[in-house]
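First up is the structure itself, then whatever we jot down about it.
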Amino acid sequence: MATTYEPIATTTLSSGTGTVTFSSIPNTYTDLVLVTSVIGTTGDYLRVRFGNGSIDSGSNYSTTVLAASNGSGGPASYRYANNTVAYVIVEGLTNSSNPSINVMNIFNYSNTSTYKTFINRSAHTSGTVTETSVSMWRSTSAIDTVRVFQDTYNMAAGSTFTLYGIKAA
Amino acid sequence: MANTYELISSSTIGSGGASSIVFSNIPQTYTDLKVIYSCRTDNASVGQSMGVQFNSTTSGYSWRVLYGNGSSATSTNSTSAGDMYIGEANGANATSNIFSNGEFYVANYATSNVKVLIAEAVAENNGTSGFSFFATNLSGVTAAITSLTIRPYSGGQTIQQYSTFQLYGIKNS
Chain Y
3 MATTYEPIAT TTLSSGTGTV TFSSIPNTYT DLVLVTSVIG TTGDYLRVRF
53 GNGSIDSGSN YSTTVLAASN GSGGPASYRY ANNTVAYVIV EGLTNSSNPS
103 INVMNIFNYS NTSTYKTFIN RSAHTSGTVT ETSVSMWRST SAIDTVRVFQ
153 DTYNMAAGST FTLYGIKAA
Chain S
14 MANTYELISS STIGSGGASS IVFSNIPQTY TDLKVIYSCR TDNASVGQSM
64 GVQFNSTTSG YSWRVLYGNG SSATSTNSTS AGDMYIGEAN GANATSNIFS
114 NGEFYVANYA TSNVKVLIAE AVAENNGTSG FSFFATNLSG VTAAITSLTI
164 RPYSGGQTIQ QYSTFQLYGI KNS
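Residue numbers (the working numbering), protein chains in the order written: chain Y, 3 to 171; chain S, 14 to 186.
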């Protein structure tokens with residue numbers, strides 16, 4: 003029986019690292035799922051970029067976030083357009099000891115006719131912040147490279163990153 | 014090749030209902046856990062908050078939920094709870110035969126890290142009302158998770174017959 007949901011690659015950091023990159027992603031799946039458990043630096047933010055052959059750092063990303071935190075009180079929505087990054091966690095990694103979890107679904111990643119959209123769900127270690135977002139990479143190129151990083155600081159040892167492929171048939 | 018996404022256990026509530034669902038003796042051979050469920054309770058309301066406990070731990074949970082009802086979005090939280098919050102199920106006053114749907118995800122459940130749970134749920138009442146929930150949960154549990162208890166939040170109500178719960182294990186290699 004063909005495998006529907008398959009791990010493509012996984013990384014666990016043994017020391018502080020600025021970026022984690024998955025490259026040479028095969029184009030044989032339908033969708034991708036990126037699961038990260040990141041021990042960050044208090045106040046820093048988690049970002050992602052995509053590429054085909056090389057990472058796109060141009061102003062080709064947009065993110066719309068729905069979030070709520072103990073600090074801000076009520077729910078809030080933010081939109082970031084024409085950015086050089088897509089926002090994975092917006093409200094800040096609030097704990098430098100315990101991981102924040104993020105599950106990202108990237109749809110039709112190898113389609114060369116459409117822009118790439120992805121949905122993100124984040125859980126902060128504090129239990130005080132909840133975020134969900136939808137983002138777009140404005141490129142019709144197939145995604146064969148994914149890079150995860152923080153704005154300023156390294157991601158700490160013990161952080162894990164796993165990329166899965168999902169086949170529709 | 015080993016299965017990446019594998020059903021560990023499935024439970025369908027029988028006649029008479031149940032006060033909780035417990036997945037116990039969870040194998041430690043996966044990376045993450047995911048539960049998908051369809052649920053209704055006997056709570057005398059349209060909805061019923063649902064909760065989860067790790068390893069029978071009954072305190073020390075924090076959560077924040079973001080939910081909408083089609084007219085407005087609201088957020089609320091708890092910093093010292095007996096359950097994690099995973100959304101609402103339909104209650105006894107909802108239209109018959111309607112069950113809510115939801116899922117929650119726990120990454121690295123077998124490690125010694127603090128455990129974080131992401132939950133999503135939707136509950137609809139035959140066009141008269143609808144809710145969607147997204148919740149973040151933090152537990153003080155650092156031990157590997159060997160059991161999950163799913164129940165009406167704070168207990169007391171009954172999960173109705175035909176409710177279903179599936180526990181999946183996900184391997185990263």
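Heads up, the beta-carbon is just placed ideally off N, CA and C, and yes, glycines get one too. Because the structure is a prediction, the values reported are computed rather than measured.
- For alanine 148 of chain S, the three-state secondary structure derived from DSSP is strand.
- Beta bridge pairing from DSSP links valine 87 of chain Y with no other residue.
- DSSP links glycine 64 of chain S through a beta bridge to S:Tyr98, S:Arg164.
- Among the bridge pairs identified by DSSP, proline 9 of chain Y is matched with Y:Tyr166.
- Note that the C-beta distance between leucine 130 of chain S and serine 22 of chain S is not below 8 Å.
- By a beta-carbon distance limit of 8 Å, threonine 114 of chain Y contacts alanine 144 of chain Y. Their separation comes to about 6 Å.
- In the DSSP secondary-structure assignment, threonine 132 of chain Y is bridged to Y:Ala70, Y:Ala125.
- The region 39-48 of chain Y makes contact with the region 140-158 of chain Y; the number of CB pairs closer than 8 Å reaches 3 or more.
- It is roughly 18 Å from the alpha-carbon of alanine 156 of chain S to the alpha-carbon of serine 161 of chain Y.
- Comparing alpha-carbon positions, the option among Y:Val37, Y:Thr23, Y:Asn104 lying closest to tyrosine 166 of chain Y turns out to be Y:Val37.
- Scanning the region 20-83 of chain Y for uninterrupted alpha helix (DSSP H) segments of 4 residues or longer gives nothing; none is fully contained.
- Within 9 Å of the CB of glutamate 133 of chain S, the CB atoms of chain Y belong to Arg123, Thr134, in sequence order along the chain.
- The region 88-105 of chain S makes no contact with the region 40-47 of chain S, as fewer than three CB pairs between them are under 8 Å.
- Judged by beta-carbon spacing, threonine 70 of chain S lies beyond the 8 Å limit of valine 78 of chain S, meaning their Cβ atoms are not closer than that value.
- A Cβ of chain Y is located within less than 8 Å of the beta carbon of threonine 149 of chain S.
- By the neighbour-count definition (other C-beta atoms within 10 Å, threshold 16), threonine 164 of chain Y is a buried residue.
- Close to chain S, meaning a Cβ-Cβ distance shorter than 8 Å, are the following residues of the region 39-58 of chain Y: Ser39.
- Not a single C-beta of chain S is nearer than 8 Å to the C-beta of tyrosine 80 of chain Y.
- Looking at the DSSP output, asparagine 90 of chain S shares a beta bridge with S:Arg77.
- Shortest Cα-Cα distance from tyrosine 31 of chain Y to any of Y:Arg140, Y:Ile10, Y:Val22 involves Y:Ile10.
- For valine 127 of chain S, the secondary structure class from DSSP, reduced to helix, strand or coil, is coil.
- At least 8 Å separates the CB of leucine 15 of chain Y from every CB of chain S.
- In this structure, threonine 162 of chain S sits away from alanine 31 of chain S, with a CB-CB distance that is not shorter than 8 Å.
- Lysine 47 of chain S is bridged by DSSP to S:Tyr118, S:Tyr181.
- DSSP places serine 161 of chain Y outside both helix and strand once states are collapsed to three, so it counts as coil.
- Between glycine 60 of chain Y and aspartate 146 of chain Y the beta-carbon gap is near 17 Å, outside 8 Å, which marks them as no contact.
- For lysine 128 of chain S and asparagine 100 of chain Y, the gap between their C-alpha atoms comes out near 9 Å.
- Judged by their CB atoms, valine 135 of chain S and methionine 97 of chain S are not nearer to each other than the 8 Å cut-off.
- Within chain S, no residue has its beta carbon less than 7 Å from that of valine 148 of chain Y; the closest one is some 15 Å off.
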